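Colleague: Going line by line, the protein sequences match chains V and U.
Sequential numbering from 1 applies to the first sequence in this note's numbering.
Sequential numbering from 351 applies to the second sequence in this note's numbering.
Number of protein chains: 2
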Amino acid sequence: MNLAHVRIVGSGLIGSSIGLALRTHGIEVTMIDSDQRSQAIAQDLMGMVPSTKEVDLVVIATPLSQYEVVIESEYQRNLNSSFIDIGSVKVKAKVEALASIGDLSTFLPSHPMAGREVGGAESARADLFEDRIWVYDSAGVNEKTTQLGLELISLCGATALEMESAAHDQAVALISHLPQAISSLLAAQLQGAPSSTMELAGAGLRDTTRIAASSPALWREILTSNSAALKPLLAQFASDLQVLIEGLDEPEVVHELMAAGNRGRAAIPGKHGGSARSYTYLPVVIEDKPGQLAALFDEAAAASVNVEDLTIEHSPEQFTGLITLALSADDAATLHQHLRDKGWRVHAPR
Amino acid sequence: MNLAHVRIVGSGLIGSSIGLALRTHGIEVTMIDSDQRSQAIAQDLMGMVPSTKEVDLVVIATPLSQYEVVIESEYQRNLNSSFIDIGSVKVKAKVEALASIGDLSTFLPSHPMAGREVGGAESARADLFEDRIWVYDSAGVNEKTTQLGLELISLCGATALEMESAAHDQAVALISHLPQAISSLLAAQLQGAPSSTMELAGAGLRDTTRIAASSPALWREILTSNSAALKPLLAQFASDLQVLIEGLDEPEVVHELMAAGNRGRAAIPGKHGGSARSYTYLPVVIEDKPGQLAALFDEAAAASVNVEDLTIEHSPEQFTGLITLALSADDAATLHQHLRDKGWRVHAPR
Chain V
1 MNLAHVRIVG SGLIGSSIGL ALRTHGIEVT MIDSDQRSQA IAQDLMGMVP
51 STKEVDLVVI ATPLSQYEVV IESEYQRNLN SSFIDIGSVK VKAKVEALAS
101 IGDLSTFLPS HPMAGREVGG AESARADLFE DRIWVYDSAG VNEKTTQLGL
151 ELISLCGATA LEMESAAHDQ AVALISHLPQ AISSLLAAQL QGAPSSTMEL
201 AGAGLRDTTR IAASSPALWR EILTSNSAAL KPLLAQFASD LQVLIEGLDE
251 PEVVHELMAA GNRGRAAIPG KHGGSARSYT YLPVVIEDKP GQLAALFDEA
301 AAASVNVEDL TIEHSPEQFT GLITLALSAD DAATLHQHLR DKGWRVHAPR
Chain U
351 MNLAHVRIVG SGLIGSSIGL ALRTHGIEVT MIDSDQRSQA IAQDLMGMVP
401 STKEVDLVVI ATPLSQYEVV IESEYQRNLN SSFIDIGSVK VKAKVEALAS
451 IGDLSTFLPS HPMAGREVGG AESARADLFE DRIWVYDSAG VNEKTTQLGL
501 ELISLCGATA LEMESAAHDQ AVALISHLPQ AISSLLAAQL QGAPSSTMEL
551 AGAGLRDTTR IAASSPALWR EILTSNSAAL KPLLAQFASD LQVLIEGLDE
601 PEVVHELMAA GNRGRAAIPG KHGGSARSYT YLPVVIEDKP GQLAALFDEA
651 AAASVNVEDL TIEHSPEQFT GLITLALSAD DAATLHQHLR DKGWRVHAPR
């Protein structure tokens, strides 16, 4: 354990959450933000006092557009420190660091896979990174800096994963930036639709457009900074879309697209990593009032089954809800019988 | 109440669910399917005995591709009956009915907004339509047929909504068929991605591709049958996508797309109809083991707050979970204080 004093530049969600996590381990944190109010909130959250210790590690947690100015000034101020950044695009981070510092030996590019739709110090949580993957790229980075970075990742409760920066940028372009762009484009099509149309919207539309509520200011930077990796993916999507448009009257063309979607969807790992787990789903109709969910989960506990996931589907205009519980096949059979015996409106698992 | 004997042709999810709903009201149901096994399951589910009463209403619940043959033969067999269909595309249904029957006076086109990702009689539920919107188009339909159709909708517990067929097809093209096509195209891009990439996937990718797991056979028919309404929407999406591709290095272009996505997303109504309700979100970290959710909902009940919705977010590789509860602002404040007092790992509402 070598970290004693960490300087965090940028008091947004990620920077502040790192600060909170380090504080729970008793490490001194100096929180810096160009916005005085944000800095005050973050410092208040962490109950900090000015440190007299030398800074071991500087965390660059600002928007990518500020990297050039911030890295330059932080490097001049902390010539003997190591540096780590947490930006969403790693090739760009390396380029900026190289321009400001001259070499990358004291700069560890990294990226915690733990964003949220909300931002700011007030949304920060010490446990934001718990059990999340945290990618880092130690190519050309000296041993001391790499070890300090890994210590920070470990103290945040994350799982460090070494990945080359260009490979990281390719990966997030596919699993994060492409879905964001497509979801935003899809939601944009809803603008101006009559309310009589929107009233027919169901869970499918809601799910596909959830992330379209994300911050334009944040995503503008991410998408433009990773345009080299993202553009070919958007172009391939556009090409496939053109095939669909031209073949929309041909059942075989549409079928093949849908089947390709099935295959791609099946490639997404499920809970707890590994390949997608298949659950058995148990539908239960409940009244939509306080205590009903509690009573349902009491039954699950009484039957000693583990609810792996659940969805709540509300019916329009009426206050009833359909709860679909995801369980193992055995647990679903057990709970189905248990709930039936207790008089619940439970339907057959599937 | 005039329905005494309803004949349902097609024992899939919708047809069988209608049958179950009618049976709970004591109405005689004859269930027909070209597939003998499906018909047997459906009849068994409903505990039916052969009816001697004349058929009041024939429900066409087959795939659209079978309409031509089925409507023709059902019309010849039940010359004095009324007809209703439940297909996803209404203009096509009218065209087929007109060709088979000669006029639309005894044929009510309708569409219950209650699909699921699973199909078949074994997934049928008597409450599938409870509190759902059920669109119908009575233009040119005689009074008796319209009343019988409305009675069926009412007995299924749905809310009848009159809508012109072309307007319906336009509406579902936007809120259902476009999201389905785009989600499938998005998921298709994941094919062949390395597992090291897929392991970084988060909730955003999962949500945007959930409906890409839907049945190709079912959706092939829906998309091709509504291609006239869907094609211009796909073309507009393609045009907007092209703007993004060409402007991907320009922050203003990307910002405007994201902002348009924000606006479109905000147009989706929330729970219980009406415009989208804004909830306050309360994050709680729990251990992922039986009884934890029950204990949490017990606390919500003890605090007399109404949980409007929730999401469960699992951390990879470790068995902890983040529950985000959606509540009214007042309830969120109440429950936050309550859970803190009880020692839960609850974070500030936002």
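By construction, the Cβ of each residue, glycine as well, lies at the ideal position given by its N, Cα and C atoms.
Since this is a predicted model, take the numbers as computed values, not measurements.
#1: Taking 8 Å as the CB-CB cut-off, is V/Gln318 touching chain U?
#2: The alpha helix (DSSP H) spanning V/Ser100 covers which residue range?
#3: So, for V/Ala303: in the same chain, excluding its five sequence neighbours on each side, which residues have a beta-carbon less than 6 Å away from its beta-carbon?
#4: Considering only residues of the segment 101-148 of chain V, which uninterrupted alpha helix (DSSP H) runs meet the minimum length of 4 residues and lie entirely inside it, listed in chain order?
#5: Say whether the segment 426-437 of chain U touches the segment 401-416 of chain U, bearing in mind that this needs 3 or more beta-carbon pairs closer than 8 Å, one atom from each stretch.
#6: What does the Cβ neighbour count give for V/Val69, buried or exposed, with the cut at 16 atoms within 10 Å?
#7: DSSP state of U/Asp394, grouped into three classes?
#8: How should U/Lys621 be labelled, buried or exposed, when 16 other C-beta atoms within 10 angstroms of its C-beta is the threshold for buried?
#9: Would you check if there are 3 or more beta carbon pairs closer than 8 Å linking the segment 382-402 of chain U to the segment 491-508 of chain U?
#10: Find out if the Cβ-Cβ distance for the pair V/Ala212, V/Thr280 is shorter than 8 Å.
#11: I want to know whether the segment 92-99 of chain V touches the segment 121-128 of chain V - three or more CB-CB distances under 8 Å.
#12: Looking at the secondary structure, which residues open and close the beta strand (DSSP E) in which U/Thr380 lies?
#13: For U/Gln539 versus V/Leu178, is the C-beta spacing smaller than 8 Å?
#14: Compare the C-beta of U/Ala633 against all C-beta atoms of chain V and say whether one is closer than 8 Å.
#15: Could you tell me the alpha carbon to alpha carbon distance between U/Ala626 and U/Val604, rounded to whole angstroms?
#16: Determine the direct distance from the alpha carbon of U/Met463 to that of U/Lys440, and round the result to whole angstroms.
#17: So if DSSP puts U/Ile419 in a beta bridge, which residue, or which two residues, is it bridged to?
#18: Can you tell me whether V/Val361 is buried or exposed, with buried defined as 16 or more other CB within 10 angstroms of its CB?
#19: Which of the three DSSP states, helix, strand or coil, is assigned to V/Tyr281?
#20: How would you call U/Ala371, buried or exposed, if buried means at least 16 neighbouring beta carbons within 10 angstroms?
#21: Less than 8 Å separating the beta-carbons of U/Ala609 and V/Pro216?
#22: Determine whether the Cβ of V/Gln236 lies closer than 8 Å to any Cβ atom of chain U.
#23: How should U/Leu429 be labelled, buried or exposed, when 16 other C-beta atoms within 10 angstroms of its C-beta is the threshold for buried?
#24: Which residues in the same chain as U/Ser401 place their Cβ atom closer than 7 Å to its Cβ, once the five residues preceding and following it in sequence are excluded?
#25: I'd like to know whether the C-beta of V/Trp134 is nearer than 8 Å to at least one C-beta of chain U.
#26: According to DSSP, simplified to helix, strand and coil, what is V/Val172?
#27: Examine chain V for any beta-carbon lying closer than 8 Å to the beta-carbon of U/Ile364, and answer yes or no.
#28: When you compare the CB positions of V/Glu299 and V/Lys342, do they come within less than 8 Å of one another, or not?
#29: Could you tell me whether the Cβ atoms of V/Ile432 and V/Gly19 are closer together than 8 Å?
#30: Since V/Thr159 sits in a beta bridge, which residues does DSSP pair it with?
#31: Go to V/Ser82, then tell me how far its beta strand (DSSP E) extends in each direction, as first and last residue.
#32: Would you please verify whether the beta carbon of V/Ser176 is less than 8 Å from any beta carbon of chain U?
#33: Since V/Ser176 and U/Gly376 should fall inside the 8 Å C-beta cutoff, what is the C-beta to C-beta distance between them, to a whole number of angstroms?
#34: Three-state secondary structure (DSSP) at U/Asp406?
#35: In whole angstroms, what separates the C-alpha of V/Ala238 from that of V/Ser225?
#36: Name the chain U residues that come within less than 7 Å of V/Arg210, Cβ to Cβ?
Modeller: The answer reads as follows:
#1: Because the pLDDT at V/Gln318 is just 36, under 50, the model does not fix this residue reliably, and the value given afterwards should be weighed accordingly. Chain U, which has a Cβ nearer than 8 Å to the Cβ of V/Gln318, makes this yes.
#2: Bounds of the alpha helix (DSSP H) holding V/Ser100 are 90-101.
#3: So the qualifying residues of the chain are Thr334, Leu335, His338.
#4: Segments of the alpha helix (DSSP H) lying fully in the segment 101-148 of chain V: there are none.
#5: Yes, since at least three Cβ pairs between the segment 426-437 of chain U and the segment 401-416 of chain U fall closer than 8 Å, the two stretches touch.
#6: Exposed: under 16 other Cβ atoms inside 10 Å.
#7: When DSSP states are grouped into helix, strand and coil, U/Asp394 belongs to the helix group.
#8: Only weak support is given to the placement of U/Lys621: the predicted model assigns it a pLDDT of 45, under 50, and the value that follows is read from those uncertain coordinates. A residue is called buried when at least 16 other Cβ atoms come within 10 angstroms of its Cβ; U/Lys621 meets this threshold and is buried.
#9: As far as the Cβ criterion goes, the segment 382-402 of chain U does not touch the segment 491-508 of chain U, which means the pair count is below three.
#10: For V/Ala212 and V/Thr280, no; Cβs fall outside 8 Å.
#11: No contact exists between the segment 92-99 of chain V and the segment 121-128 of chain V.
#12: First-last of the beta strand (DSSP E) with U/Thr380: 378-382.
#13: The answer is yes: Cβ separation under 8 Å.
#14: Inspection of the sequence shows that residue 633 of chain U is occupied by Pro rather than by Ala. Yes, because at least one Cβ of chain V sits closer than 8 Å to the Cβ of U/Pro633.
#15: Residue confidence is low: U/Ala626 scores 46 on pLDDT, short of 50, so the model does not pin down where it sits. Its coordinate-derived value is still stated next. Distance between the alpha carbons of U/Ala626 and U/Val604: 25 Å.
#16: Their backbone Cα atoms lie some 13 Å apart in a straight line.
#17: Note that residue 419 of chain U is Val in the sequence shown here, rather than Ile. As far as DSSP is concerned, U/Val419 takes part in no beta bridge.
#18: The structure shown does not extend to residue 361 of chain V, since chain V is modelled only from 1 to 350, so the question has no answer here.
#19: Strand, per DSSP.
#20: Counting Cβ neighbours within 10 Å, U/Ala371 comes out buried, since at least 16 surround it.
#21: It is a contact, given that the beta carbons lie within the stated cut-off.
#22: The Cβ of V/Gln236 sits closer than 8 Å to at least one Cβ of chain U.
#23: Classification for U/Leu429: exposed.
#24: Here the set comprises His355, Glu378, Thr380.
#25: No - not a single Cβ of chain U is within 8 Å of the one on V/Trp134.
#26: Secondary structure at V/Val172: helix, using DSSP grouped into helix, strand and coil.
#27: Output row for U/Ile364: interface = no.
#28: It is a contact, given that the beta carbons lie within the stated cut-off.
#29: Residue numbering for chain V in the displayed model covers 1 to 350; residue 432 of chain V lies beyond these limits and cannot be assessed.
#30: The bridge partners DSSP lists for V/Thr159 are V/Ile133.
#31: First-last of the beta strand (DSSP E) with V/Ser82: 82-85.
#32: So yes, V/Ser176 belongs to the interface.
#33: Between the beta-carbon of V/Ser176 and that of U/Gly376 there is about 54 Å, and that puts the pair past the 8 Å contact cut.
#34: The three-state secondary structure of U/Asp406, taken from DSSP, is coil.
#35: Going from the Cα of V/Ala238 to the Cα of V/Ser225 covers about 21 Å.
#36: Neighbours of V/Arg210 on chain U, chain order: Asp557.
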